[in-house]
Amino acid sequence: MNQVLAVLRKELIDGLRDRRSVVSALLFPLLAPMMVTFMLNIQAERKRESMDMEIPIVSAERAPDLVNWIERSGFTVVDGPEDPEEAVREGDLDFVFVVPEDFAEDFAEGKTAEIELVHDGTKKDASASIGRARGLIQSYSRNLGTLRLIARGVSPQIALPVKIEDVDAASARQKAAHFMSFILVYVIMAAFMAGMNLAIDSTAGERERSSFEPLLVNPVTRLALALGKWLAAVVFSATGIALTLGSLVFALQQASLQELGINLTFSVPVIAGVLFTALPLAFFASGMQMLVSSFARSFKEAQTYVSLLIVIPIIPTVFVILYSLNNEWWMAPIPVLSQQVLLTEILGGETGSIFPYIVSGLSSFALGLLSIWVTARLFAREKIIFGR
Amino acid sequence: MIRVEDLRKHFGEVPAVDGISFEAPDGQVTGLLGPNGAGKTTTLRMLYGLMSPDAGHIEVDGSQVADDPQAAQAKMGILPDSRGLYPRLTPREHLRYFGQLHQLDGPTLDARIDELVQLLDMGSIVDRRAEGFSQGERVKTALGRALVHDPANVILDEPTNGLDVMGTRAMRSLIRRMREEGKCVLFSSHIMQEVSALCDRIIIISTGRIVAAGTPDELREQSGQANLEDAFVVLTGLDEVAP
């Protein structure tokens with residue numbers, strides 16, 4: 001036990017003096033909030049822009065009532081370009097309305113008056129604003145139709161046999177949680193990034209410096225050595241998780257979330273819950289990284305292997321986001337995936353049983369410990385000790 | 389005291405160590421002499437428990453290396469073939485780390501470290517980080533951490549490798565000093581002068597076997613050569629290869 005502590009202390013001192021280790025531990029806590037703030041600001045900006053959208057209309061004077069209606073709806077009507085198709089194709093405008101010559105005549109006679117919507121169907125990024133513009137005209141049309149039917153003494157319901165009633169089951173908090181799942185990737189990545197350098201340096205680095213043989217001739221079991229090195233990497237990884245979370249919470253509280261309709265509250269129990277769920281990941285991440293690095297003869301080689309390992313946490317995250325997976329019992333013992341699902345749950349504010357949280361934590365710890373046990377066995381192999 | 393009995397180790401088809409037996413008694417310096425690739429380092433690696441022999445026994449002060457490597461390692465101070473340092477730690481931290489691994493701590497350990505700093509003349513470097521140390525400074529640090537638990541048996545693999553004249557002289561006087569303290573010193577070398585200057589007993593190894601053993605005088609007698617270097621060449625059979 002004392003020997004494990006001696007190894008832990010030595011590796012921590014060594015790690016804190018290593019610029020690479022410290023930078024990789026602090027990189028995520030510093031970078032993540034910057035990226036989140038950046039992302040949020042772009043979204044907020046976009047939303048604000050779409051609010052005061054300009055509606056370009058060619059020959060607007062032919063449809064004064066429509067123009068009036070659009071302006072009352074809070075949009076600005078501007079004169080359309082001389083060549084609408086050219087303007088849309090060149091990307092100067094997302095869309096242009098063109099009021100044809102016979103619009104006023106048809107309109108006055110109660111016929112269906114046509115209005116042209118000029119747009120480029122290949123430009124996907126314009127589809128949102130086109131949809132809004134289209135909706136604007138459709139609701140004008142519906143509104144007017146209703147008035148005309150009433151004027152002729154007909155109930156408007158006759159012209160509307162079926163109506164869709166939107167019921168959005170997602171609560172505002174769930175929407176926020178969906179948004180948060182992107183942010184949680186940072187916390188999970190931090191678990192892998194922050195301890196990585198130390199895990200490599202204390203295994204492959206030790207071999208590269210040829211300090212491994214002198215270390216192993218001491219009367220210490222290989223398991224005690226591996227445990228001490230593991231715990232040092234875990235300390236770095238856990239610190240990375242906690243700092244990343246702290247800086248994310250700080251950044252999100254500074255950002256304009258309300259404007260985006262996202263309701264995130266970071267109460268103390270929520271933050272404690274996130275830590276309780278995410279910290280066991282440090283044991284798993286560091287354990288796997290040490291196991292993988294033990295096969296490498298040099299720091300660089302280990303870095304290659306471990307970077308590939310970082311892809312692993314991304315895979316389940318992608319699945320959860322793509323298929324909007326809910327928490328299911330079989331996910332609890334799977335590291336990374338279970339943290340991903342459980343963290344989403346906590347931030348969605350609908351924590352159920354504590355059981356999956358305990359299973360998830362214990363499983364990550366146990367799998368980390370198993371990796372270390374295998375690593376300790378590797379430390380006894382002559383090929384690993386002397387192989388160069 | 390170290391006793392080695394019929395030690396064998398194969399790497400694939402190649403026998404690296406092929407039936408080596410010897411005793412290294414306390415209060416004496418025993419030298420393992422042999423050309424490069426003779427099996428010296430492999431023998432020592434089995435001795436300090438990092439390689440497992442295919443056959444044979446190794447006993448260090450009554451502890452069997454195969455049964456309880458930790459107990460045997462606790463009785464040995466080892467300067468292995470590779471002697472890498474931690475570039476971000478100072479020699480004092482190296483010594484403290486290894487001392488703690490030997491279950492030493494507190495004032496006992498501090499006192500022992502101070503003693504070694506004196507003995508190895510490390511005063512000027514002891515609190516400097518090891519990054520950029522000269523070869524001599526590196527060997528001193530490696531030696532210091534090997535001796536931090538004041539072992540009764542000292543095993544040195546090519547201890548003067550890479551040392552300059554002054555370093556070599558210091559190493560020799562250290563080895564003599566340890567002999568006077570009654571320690572069992574076992575070291576390997578491929579340099580005849582080195583071994584003849586220091587050793588009470590010389591064991592000559594060639595292609596994994598002991599070809600001769602004895603005091604320097606006995607070896608001269610066995611080979612019929614007046615000069616030890618000539619004796620070495622004759623005994624290892626090197627003269628059959630080189631004209």
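Protein chains in written order, with the numbering used here: chain A, 1 to 388; chain B, 389 to 631.
The beta carbon of each residue, even a glycine, is placed where N, CA and C say it ideally should be.
- Below 8 Å, too few C-beta pairs join the stretch 391-411 of chain B and the stretch 210-227 of chain A to call them touching: fewer than three.
- For R480 of chain B, there is no enclosing beta strand (DSSP E); the enclosing alpha helix (DSSP H) covers residues P479 to L489.
- Using a CB distance cut-off of 8 Å, R377 of chain A does not count as an interface residue toward chain B.
- At a cut-off of 8 Å between C-beta atoms, L438 of chain B counts as an interface residue with respect to chain A.
- Between L337 of chain A and M331 of chain A, the gap from beta carbon to beta carbon is short of 8 Å.
- Excluding five sequence positions before and after T203 of chain A, the CB atoms of its chain that fall closer than 6 Å to its own CB belong to M290, S293 and S294, given in chain order.
- Remark: three or more beta-carbon pairs, one from each stretch, lie closer than 8 Å, so the stretch 521-531 of chain B and the stretch 539-557 of chain B are flagged as touching.
- A direct Cα-to-Cα measurement between V274 of chain A and I164 of chain A gives close to 39 Å.
- Contact annotation: Y436 of chain B and I466 of chain B have beta-carbon atoms nearer than 8 Å.
- In this structure, the alpha-carbon of L370 of chain A lies about 14 Å from that of A282 of chain A.
- Within chain B, the residues L438 have their CB atoms less than 7 Å from the CB of L216 of chain A, given in chain order.
- A direct Cα-Cα distance of roughly 7 Å separates F379 of chain A from I385 of chain A.
- Within 8 Å of the CB of P468 of chain B, the CB atoms of chain A belong to E213, P214 and V217, in sequence order along the chain.
- Judged by their CB atoms, V514 of chain B and R480 of chain B are nearer to each other than the 8 Å cut-off.
- Y186 of chain A is a Cβ neighbour of A32 of chain A, given a cutoff of 8 Å.
- Judged by DSSP secondary structure, F355 of chain A falls outside any beta strand (DSSP E) and instead within the alpha helix (DSSP H) spanning F355 to F379.
- In this structure, B:E546 is the residue among B:E546, B:M559, B:R565 and B:D605 with its C-alpha nearest to the C-alpha of G419 of chain B.
- Using a Cβ-Cβ cut-off of 8 Å, S210 of chain A is close to S470, R471 and G472 of chain B, given in chain order.
- Here P29 of chain A has L243, T244 and S247 as same chain residues with Cβ atoms under 6 Å from its own Cβ, once five neighbours each way along the sequence are excluded.
- Per DSSP, T418 of chain B is one residue of the beta strand (DSSP E) stretching across V417 to L421.
- Taking all protein chains shown into account, L216 of chain A has 16 or more neighbouring C-beta atoms within 10 Å of its C-beta and is therefore buried.
- For R396 of chain B, DSSP records a beta bridge to B:D406 and B:A443.
- D545 of chain B is bridged by DSSP to B:S576.
- I42 of chain A sits exposed, since fewer than 16 C-beta atoms from the chains shown fall within 10 Å of its C-beta.
- For P156 of chain A, the number of other beta carbons within 10 angstroms of its own is below 16, and it is reported as exposed.
- Within the same chain, and ignoring the five residues on either side of N197 of chain A in sequence, the residues whose Cβ sits closer than 6 Å to its Cβ are R20, S21 and S24.
- A534 of chain B has its alpha-carbon roughly 8 Å from the corresponding atom of F486 of chain B.
- Identification of chain B residues near K10 of chain A by a Cβ-Cβ cut-off of 7 Å yields Y485, ordered along the chain.
- Following the DSSP letters along the chain, one finds D106 of chain A inside the alpha helix (DSSP H) bounded by residues F103 to E109.
- In the three-state scheme derived from DSSP, where H, G and I count as helix and E and B as strand, D455 of chain B is classed as coil.
- The alpha-carbon of R597 of chain B is positioned some 10 Å away from that of D394 of chain B.
- About 7 Å separates the beta carbons of L421 of chain B and I591 of chain B, which is inside the 8 Å limit, making them a contact pair.
- Taking the Cα of L586 of chain B as reference, the smallest distance to any Cα among B:L507, B:S561, B:P539 and B:L504 is reached at B:S561.
- From the beta-carbon of Q3 of chain A, the residues of chain B found nearer than 8 Å are Q488, L489 and Q491.
- Annotation: the continuous alpha helix (DSSP H) that includes F620 of chain B extends over L616 to T624.
- At a cut-off of 8 Å between C-beta atoms, E345 of chain A does not count as an interface residue with respect to chain B.
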